[in-house]
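2 protein chains.
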Amino acid sequence: MTDAIDAEAGPVLALCGGIGGAKLALGLYRVLDPDRLTIAVNTGDDFEHLGLHISPDLDTVLYTLAGCSNIETGWGRADETWTFMSVLSTLGGEDWFKLGDGDLALHIERTRRLKSGQSLSEISETFRRRLGVSARIVPMSDDPVQTVLHTADGPLAFQHYFVRDRCRHVIRRIGFEGAERARSNPLLMETLDDPNLRAVVICPSNPYLSVDPILALPKFREALEACAAPVVAVSPIVHGDAVKGPTAKIMRELGVPRNNAAIARHYGALIDGLVLDKADVAEIDAITIPTIATSTVMMDLEDRINLAQAVLAFATRLDTRGKPGARADSGTGR
Amino acid sequence: MTDAIDAEAGPVLALCGGIGGAKLALGLYRVLDPDRLTIAVNTGDDFEHLGLHISPDLDTVLYTLAGCSNIETGWGRADETWTFMSVLSTLGGEDWFKLGDGDLALHIERTRRLKSGQSLSEISETFRRRLGVSARIVPMSDDPVQTVLHTADGPLAFQHYFVRDRCRHVIRRIGFEGAERARSNPLLMETLDDPNLRAVVICPSNPYLSVDPILALPKFREALEACAAPVVAVSPIVHGDAVKGPTAKIMRELGVPRNNAAIARHYGALIDGLVLDKADVAEIDAITIPTIATSTVMMDLEDRINLAQAVLAFATRLDTRGKPGARADSGTGR
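Residue numbers (my numbering), protein chains in the order written: chain A, 2 to 335; chain B, 2 to 335.
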């Protein structure tokens, strides 16, 4: 990338699910003044397991930005031990969801704090500060929202579909229970309302499972629609498949073509630009909004940083003067 | 010991707290047909910590009999890892009570089962079977009883006194909140009512903190008083001090002489015989009930087995014909 990134520029809001999204969030974190990065994280996959409140996406983003994520597995912590799981199995406990010994500390301490009356936001704020993360990692809502997969075999909570049953069910519809009533996180609403907001980046998380729960919050969606800043999505689809996870399988089951145009259509008027992988450069012509092709497959930290820079530069070049709420002096060439 | 132990004889009930008691419980477990050993365990030290129900004495007895206790620390599991505690400290969680990663599995699974409606007895039964223990490890009650130390600095729950504050407060009185209303475990009542009951052994646990909570259950105490079988206590005091723990300190603070006669007086009419250490053989004359001196300091498994044999042989020799509920044909020389 030749575009210079002005780390001093206005704040950036990233929308993020788990593993794929967290990679770009890390890139943004390294490129931006970290005080100016706010990450809205999906909590639709949160669930109670063994009496503990588990927030898989919040933890993945936290571990990734704190530099203690497990690079090999893509989830959980580095240098983890597994004594708890081993004894739990001996006791006949439910052992399909692997909880590392260190990981467990977050679930136990989070559950304890929730019971003592703290909000998920307050807890996330404490945790990220304790782990030395300067960017704000913000749950999309402090109210419960539950992603439910309506499959050919009946409704399933996300983790049961994804982890326990390894995505084997055919999805017919995806619901976000509680989203209609859930309050969007005020921190995110403030960020969206910030006249200096530089860009909103939809990370390459699963649009249907990880980003849609955030967009299902009525006030958040409304504020995003009204937001003057450029909104850029990074497509998780490369060559008709997803780098990781069940995105492509779900697209097939939902009857959606597995290409980047489908991703652009999915986000529709919410986004001002799309970033797709250079392997799919031929697909650009089929997409009706501004689109760039770059390397979106993030193997190492350099890839993450490069993609973050490309996305921010693209957002800066986008002409958003026609957007609702845009000021007369905003727009291209900043 | 020259007395032969008849493993086929009637059942034995042991009353037990944590570490010291569990050592003799293990000796009894190795000497007796394990199906005939029932261990009544103190739950007055149970507490909720980090949202988890922790039963320290039940776990110590379970780990000891399952052969997975940590011999060096005297508490917790062998081959333990500590990743959870390390991360919990990083998060600013309460870390004064050390919970090993494997140990945590019991607390989490127990808490989950309690919330799902299982009783502490049912859970203890599942756990001991899962860990391959044949003797019955029975919580004194399924109702909550809380040992409260009334100290010069105010009331304290047992673990706060014992672990967090390292017994530094001066004890004035010890209370067992809830004991008056708590139902004695029916399994223990059945055992006490069994006409074939061979002996009740009060293990060398702290009489004031670990055995008294069991004896504070009105129906249990009543049944023990009415029980025809010999009741033998093993004194935890050797040479005016306790092998481990705050027994001697508490006796001093309660104004009780630190000797075996004081232990005998403490149990009073409940016991038919006392076992003290051979180092204190000179104290026997001051004790008004049948007493034997043997080695009560249990350093290794052989010590535990030897003491168990000595205690059972002593109980067998005791003349309990005069006890309430004693049958005409019961008594010595069985």
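All C-beta atoms in this analysis are idealised placements derived from N, C-alpha and C, irrespective of residue type, glycine included.
With DSSP as the reference, label residue i as helix, strand or coil.
{"i": "A:Arg222", "result": "helix"}
{"i": "B:Thr82", "result": "coil"}
{"i": "A:Ala287", "result": "helix"}
{"i": "B:Arg167", "result": "coil"}
{"i": "B:Ile40", "result": "strand"}
{"i": "B:Thr74", "result": "coil"}
{"i": "A:Ala229", "result": "coil"}
{"i": "A:Pro156", "result": "strand"}
{"i": "B:Ala67", "result": "helix"}
{"i": "B:Val202", "result": "strand"}
{"i": "A:Phe48", "result": "strand"}
{"i": "B:Ala15", "result": "strand"}
{"i": "A:Ala234", "result": "strand"}
{"i": "B:Leu59", "result": "helix"}
{"i": "A:Leu271", "result": "helix"}
{"i": "A:Arg184", "result": "coil"}
{"i": "B:Val282", "result": "helix"}
{"i": "A:Ala10", "result": "coil"}
{"i": "A:Asp194", "result": "helix"}
{"i": "B:Pro258", "result": "coil"}
Can you find a heavy atom of the ligand ATP that lies under 7 Å from the Cβ of residue i?
{"i": "B:Val244", "result": "By its list of ligands, the structure shown contains no ligand whatsoever, and the ligand ATP lies outside what it can speak to."}
Spatial neighbours of residue i within its chain, please: CB distance less than 6 Å, with the 5 preceding and 5 following residues excluded, ordered by chain position.
{"i": "B:Leu121", "result": "Pro140, Asp143"}
{"i": "A:Pro231", "result": "Ala200, Asp273, Ala316, Leu319, Thr321"}
{"i": "B:Cys228", "result": "Leu193"}
{"i": "A:Cys69", "result": "Arg78, Ala79"}
{"i": "A:Asp242", "result": "Ala249"}
{"i": "B:Val164", "result": "Phe98"}
{"i": "A:Gly45", "result": "Val146, Thr148, Phe177, Pro214"}
{"i": "B:Asp4", "result": "In this predicted model, B:Asp4 has a pLDDT of only 47, less than 50, meaning its place in the structure is not dependable; the value taken from the coordinates is given anyway. Correct list, in chain order: Ala314."}
{"i": "B:Leu89", "result": "Asp96"}
{"i": "A:Ala329", "result": "Bear in mind that a pLDDT of 49 at A:Ala329, under 50, signals an unreliable position, so the number given afterwards is only what the model happens to contain. Nothing listed; no residue qualifies."}
{"i": "B:Arg222", "result": "Leu216"}
{"i": "B:Glu81", "result": "Gly101, Gly103"}
{"i": "A:Pro237", "result": "Gly21, Pro205, Ala243, Thr248"}
So, for residue i: in the same chain, excluding its five sequence neighbours on each side, which residues have a beta-carbon less than 7 Å away from its beta-carbon?
{"i": "A:His240", "result": "Ala280, Asp281"}
{"i": "A:Lys250", "result": "Cys168"}
{"i": "A:Met2", "result": "Residue placement at A:Met2 is poorly supported in this model, since its pLDDT is 40, which falls under 50; the coordinates still yield a value, given next. Taken in chain order, the residues that qualify are Asn307, Gln310, Ala311, Ala314."}
{"i": "B:Ala180", "result": "Val146, Pro214, Ala217, Leu218"}
{"i": "A:Trp83", "result": "Gly101, Asp102"}
{"i": "B:Met86", "result": "Asp96, Lys99, Leu100"}
{"i": "B:Arg129", "result": "Leu63, Ile138"}
{"i": "A:Gly75", "result": "Ile20, Lys245"}
With which residues is residue i paired in a DSSP beta bridge?
{"i": "B:Asp242", "result": "B:Val239"}
{"i": "A:Gln147", "result": "A:Glu178"}
{"i": "A:Val298", "result": "According to DSSP, A:Val298 bridges with nothing at all."}
{"i": "A:Thr91", "result": "According to DSSP, A:Thr91 bridges with nothing at all."}
{"i": "B:Ile293", "result": "B:Val276"}
{"i": "A:Ile172", "result": "A:Thr152"}
Ends of the beta strand (DSSP E) at residue i?
{"i": "A:His267", "result": "Note, A:His267: premise wrong, no beta strand (DSSP E); alpha helix (DSSP H) at 261-268."}
{"i": "A:Leu25", "result": "First-last for A:Leu25: 20-32, but that is the alpha helix (DSSP H), not the beta strand (DSSP E)."}
{"i": "B:His54", "result": "53-55"}
{"i": "A:Asp278", "result": "274-278"}
Which first and last residues belong to the alpha helix (DSSP H) in which residue i is found?
{"i": "B:Gln310", "result": "302-318"}
{"i": "A:Arg137", "result": "No alpha helix (DSSP H) contains A:Arg137, which is instead part of the beta strand (DSSP E) from 137-140."}
{"i": "A:Lys250", "result": "248-254"}
{"i": "A:Thr321", "result": "Counting along the chain, A:Thr321 falls outside any alpha helix (DSSP H), and DSSP gives it neither H nor E."}
{"i": "A:Leu105", "result": "102-116"}
{"i": "B:Asp213", "result": "213-216"}
{"i": "A:Phe128", "result": "121-131"}
Between which residues of its own chain and residue i is the CB-CB distance below 8 Å, once the five residues before and five after are set aside?
{"i": "B:Leu198", "result": "Gly11, Pro12, Val13, Leu14, Thr192, Cys228, Ala229, Ala230"}
{"i": "B:Leu25", "result": "Ala15, Cys17, Val202, Cys204, Pro205, Val235, Met299, Arg305, Leu308, Ala309, Val312"}
{"i": "A:Lys220", "result": "Arg184, Ser185, Met190"}
{"i": "B:His170", "result": "Leu150, Thr152, Ala153, Asp154, Leu157, Tyr162"}
{"i": "A:Ala67", "result": "Arg129, Leu132, Gly133, Val134"}
{"i": "A:Arg182", "result": "Asp144"}
{"i": "A:Asp166", "result": "Leu157"}
- Positions along the stretch 115-137 of chain B whose CB lies within less than 8 Å of some CB in chain A: Lys116, Thr127, Phe128, Arg131, Leu132
- For the stretch 35-69 of chain B, which residues have a CB atom closer than 8 Å to at least one CB atom of chain A, in sequence order? Those residues of the stretch 35-69 of chain B that come within reach of chain A (Cβ to Cβ, closer than 8 Å) are Leu51, Gly52, Leu53.
- Using a beta-carbon distance cut-off of less than 9 Å, what residues from the stretch 78-98 of chain B approach chain A? Arg78, Asp80, Glu81, Thr82, Trp83, Thr84, Phe85, Met86, Ser87, Val88, Leu89, Ser90, Thr91, Leu92, Gly93, Gly94, Glu95
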